[in-house]
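See structure below.
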Amino acid sequence: MLNRDIIQNTGFHNTVTDGQVTGFQLELRNPNYRGIASSLVDGVAVTVGGHTWSHEETSVVLEGREFDLPALRSSTGHRWNLTETMTVKVPLPGGLPAGVHAVAVDVRLRAPYFPIEFQPNITHAERRAMAAERDATD
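Pasting the structure below:
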């Protein structure tokens, strides 16, 4: 079940690739009033502990597929449905320490019916979140 907040209270933990902690991830609720095609998601900027990763540095997972920003912009056949979360992956060698962190996101969405000069629509959200303990052995 989705939380009311855009930044969900589950899914915030380090990511492991080939036995190495390579970053962290968090789950977001769609801030739009309806589902949106993946090509209209223009990335997510993430700030944790005063450090910001731009929308060009992060990747997202929709419908089980990971997209960087160029892949998102050219994607077809994938959606961010209103009732599903989107995983945002952030590169950070060694990951985050377990504990409570101040987390902020800027979710960038485009609308095909708005002129380009008014895009993207950026939704900002903040919360304190508990990073679950997860290391390279998980």
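Going by my numbering, the sequence shown opens with residue 28, and the numbers climb by one from there. In this text, a Cβ means the ideal position worked out from N, Cα and C, and glycines have one as well.
Q186 vs D69 beta-carbon contact at 9 Å:
The requested residue 186 is not part of the displayed model; the chain covers only 28 to 165.
Which residues does DSSP list as the beta-bridge partners of R135?
I149
Taking the C-alpha atoms as reference points, what is the distance between V48 and S86?
16 Å
From R154 to N30, what does the alpha carbon distance come to, in whole angstroms?
12 Å
Beta-bridge partners of N41, as assigned by DSSP
F51
Just mark S81 as buried or exposed, buried being the case when its beta carbon has 16 or more other beta carbons within 10 Å.
exposed
Looking only at DSSP bridge pairs, what is G126 linked to?
A158
If I measure Cβ to Cβ from W107 and keep anything under 7 Å in the same chain, skipping five residues before and after, which residues do I get?
N57, G62, I63, S65, V68, L89 and M113
L119 (DSSP reduced to helix, strand or coil)
coil
CA-CA distance, Q35 and G122?
19 Å
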